[in-house]
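*Asks:* Quick one: the structure is below, questions incoming.
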Amino acid sequence: MKSYLAAAIQMTSVPDLQKNLAQAEELIDLAVRQGAELVGLPENFSFMGEEKDKLAQGNAIAQVTETFLHTMAQRFQVTILGGGFPIPVDSHSKVYNTALLIGTNGQELARYQKVHLFDVNVPDGNTYQESSTVMAGQELPAVYTSPELGKIGLSICYDVRFPELYRHLSSQGADVLFIPAAFTAFTGKDHWQVLLQARAIENTCYVIAPAQTGTNYHRRQTHGHAMIIDPWGVILADAGEKPGVAIAEIKPTRLEQVRRQMPSLKHRVF
Ligand SMILES: O=C(O)CNC(=O)[C@H](CS)NC(=O)CCC(=O)C(=O)O
């Protein structure tokens, strides 16, 4: 593993596939021009809208988004995480909320189907029933081992509340945890940063957390603050509240140093 720059992209996706992909391409270009070699896009980067519209357009969203990720990775010669987009489930009227990691040759490196679904009545009055259109994944996420970028573990958004998933990833040797999200503005203001820092500290891993921000559709507001956190829990970059990128250096020497200073992974009892 070498030292390199990673980027967590922050965008305001809307119910318009082409518009979102144009925005994503601009931000990938911006990240690459600053030297990023690993680039993460947030949950729902290619489509964020009503569940019924997402379902109705599911096949088109899935195909166009997957092609887009392959094209971007090859064109810019970077490794890209598409942080969550719908892929229809065969013979079901549901989709998997899927994260895809694509390498510089356009090859698929890892795929993860979101396990924990957001079925929550948020105290701001909004009700979320992700399971009405999304099929829960059944498998723990993969850790992809890159000789250059380190061991990369995948997850999506609401997963961040379930530390056992990240313990699994760090037990598999993860160095970098991807947590792409579309966090609600209401929960985000109190929980987002705390949860991300906890996952980084307790697993002594880097956290790369791309995010949705602003008003996406109707009354749907997301929290923003895409960030990159180091294995000590220090926030290295924070994209604030506007679309943009958070960029920071991922360093194997820092991973080794923190794991020497705080060897908690070695002291696990359970
Ligand atoms: O609602 C949308 O249109 C897009 N959002 C999503 O796709 C997902 C599932 S509804 N959002 C989350 O998981 C938010 C979690 C969260 O905010 C928390 O854990 O507090």
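So the sequence shown is residues 1 to 270, counted in the UniProt record's numbering. Built from N, CA and C at the ideal position, the CB exists for glycine as well. Since the structure is predicted, the reported quantities are computational estimates derived from the model, not experimental observations.
1. Between Y96 and Q257, what straight-line distance do the alpha-carbon atoms span, to the nearest angstrom?
2. For A174, which residues in the same chain have their Cβ closer than 6 Å to its Cβ, ignoring the five residues on either side in sequence?
3. Which residues bound the beta strand (DSSP E) around F85?
4. Ignore the nearest five residues each way along the sequence and tell me which others in I61's own chain have a CB closer than 8 Å to its CB.
5. Taking 8 Å as the cut-off, is the beta-carbon of A99 closer than that to any non-hydrogen atom of ligand 1?
6. For the candidate residues A22, P141, V89 and A110, whose alpha-carbon lies nearest to that of S171?
7. Within a Cβ cutoff of 8 Å, which residues of the same chain sit near residue 272, ignoring the five residues on either side of it in sequence?
8. Measuring from the CB of C205, is there a heavy atom of ligand 1 at a distance below 8 Å?
9. Less than 6 Å between C-beta atoms, sequence neighbours within five positions excluded: which residues of the same chain meet that for Y112?
10. I need the boundaries of the beta strand (DSSP E) containing residue 311, first residue and last residue.
11. Buried or exposed: N121, going by 16 or more other Cβ atoms within 10 Å of its Cβ?
12. As a quick exercise: from D230, E66 and V39, pick the residue whose alpha carbon is nearest that of I80.
13. Any idea if F270 is buried or exposed, counting beta-carbon neighbours within 10 angstroms, 16 or more meaning buried?
14. Between which two residues does the beta strand (DSSP E) holding V64 run?
15. State buried or exposed for P123, treating a residue as buried only when at least 16 other CB atoms are found within 10 Å of its CB.
16. I want to check one thing, is the minimum distance from the CB of L117 to the heavy atoms of ligand 1 below 8 Å?
17. Cα-Cα, which of I201, A31 and P252 is closest to P263?
18. Could you check where the beta strand (DSSP E) with D238 kicks off and where it finishes?
19. Which residues in the same chain as A7 place their Cβ atom closer than 6 Å to its Cβ, once the five residues preceding and following it in sequence are excluded?
20. Rounded to the nearest angstrom, what separates Q23 and M11 at their Cα positions?
21. Name the two residues that bound the continuous alpha helix (DSSP H) containing R268.
22. Just the Cα atoms here: how many angstroms apart are P252 and K242?
23. Start and end of the beta strand (DSSP E) containing T145?
24. Within the present structure, is the beta-carbon of G188 separated from the nearest heavy atom of ligand 1 by less than 8 Å?
25. Could you check whether the Cβ of R220 sits closer than 8 Å to any heavy atom belonging to ligand 1?
26. Find the nearest neighbour of S131 within the set V160, T213, I28 and E51, judged by alpha-carbon distance.
27. Mark R33 as exposed unless 16 or more other C-beta atoms lie within 10 angstroms of its C-beta, in which case mark it buried.
*Replies:* This is what the structure holds:
1. Numbered from its first residue, the sequence shown carries residue 96 at position 96. Numbered from its first residue, the sequence shown carries residue 257 at position 257. Computed Cα separation, rounded: 38 Å.
2. Here residue 174 corresponds to residue number 174 of the sequence shown, with the count starting at 1. Excluding sequence neighbours, A174 sits near V143, K151, G153 and C205.
3. Residue 85 sits at position 85 when you count from the first residue of the sequence shown. Taken as a continuous stretch (DSSP letters only), the beta strand (DSSP E) holding F85 covers T79 to P88.
4. For the purposes of this step, residue 61 is taken as residue 61 along the sequence shown, with counting starting at 1. Excluding positions up to five away in sequence, the list reads L17, S46, F47, K54, F85 and P86.
5. In the sequence shown, counting from the first residue as 1, residue 99 sits at position 99. Result no, Cβ not under 8 Å from ligand 1.
6. Looking up residue 171 in the sequence shown gives position 171. S171 has its Cα closest to that of P141, out of A22, P141, V89 and A110.
7. This structure does not reach residue 272, given that the chain is present from 1 up to 270, and the question cannot be answered.
8. In the sequence shown, residue 205 corresponds to position 205, counting from 1. Checking every heavy atom of ligand 1 against the Cβ of C205, none is found closer than 8 Å.
9. Residue numbering aside, residue 112 sits at position 112 when the sequence shown is read from its first letter. A99, P141 and L154, listed in sequence order.
10. Residue coverage of the chain in this structure runs from 1 to 270, which leaves residue 311 outside it and unanswerable.
11. Here residue 121 is taken as the residue at index 121 of the sequence shown, counted from 1. So N121 ends up on the exposed side.
12. The residue labelled residue 80 in the question sits at position 80 within the sequence shown. Ranking D230, E66 and V39 by Cα distance to I80 puts V39 first.
13. In the sequence shown, the residue the question calls residue 270 occupies position 270. By the neighbour-count rule (16 or more Cβ atoms within 10 Å), F270 is not buried but exposed.
14. Taking the first residue of the sequence shown as 1, we reach residue 64 at position 64. Looking at the DSSP string, V64 is not in any beta strand (DSSP E); the run it does join, the alpha helix (DSSP H), is G58 to F76.
15. Taking the first residue of the sequence shown as 1, we reach residue 123 at position 123. Exposed: under 16 other Cβ atoms inside 10 Å.
16. By one-based count along the sequence shown, residue 117 stands at place 117. L117 Cβ: within cutoff of ligand 1.
17. As a working note, residue 263 is residue 263 in the sequence shown. Out of I201, A31 and P252, the CA that lies nearest to the CA of P263 is found in I201.
18. Taking the sequence shown and counting its residues from 1, one reaches residue 238 at position 238. I235 to D238 is the extent of the beta strand (DSSP E) around D238.
19. As a working note, residue 7 is residue 7 in the sequence shown. Excluding residues within five positions, the ones whose Cβ falls inside 6 Å are A31, A36, V39, V245 and I247.
20. Taking the first residue of the sequence shown as 1, we reach residue 23 at position 23. Taking the first residue of the sequence shown as 1, we reach residue 11 at position 11. Each residue's alpha carbon lies about 8 Å from the other.
21. For this step, residue 268 is matched to residue 268 along the sequence shown. R268 -> no alpha helix (DSSP H), and no H or E assigned at all.
22. Within the sequence shown, residue 252 is the residue found at index 252, counting from 1. Within the sequence shown, residue 242 is the residue found at index 242, counting from 1. Rounded to the nearest angstrom, the two C-alpha atoms are 30 Å apart.
23. For this step, residue 145 is matched to residue 145 along the sequence shown. Taken as a continuous stretch (DSSP letters only), the beta strand (DSSP E) holding T145 covers V143 to S146.
24. Numbered from its first residue, the sequence shown carries residue 188 at position 188. It does: the Cβ of G188 is within 8 Å (strictly closer) of some heavy atom of ligand 1.
25. As a working mapping, residue 220 is identified with position 220 in the sequence shown. Result yes, Cβ under 8 Å from ligand 1.
26. Residue numbering aside, residue 131 sits at position 131 when the sequence shown is read from its first letter. For S131, the nearest C-alpha among the options comes from E51.
27. In the sequence shown, the residue the question calls residue 33 occupies position 33. The residue in question, R33, is exposed, as its Cβ has fewer than 16 Cβ neighbours within 10 Å.
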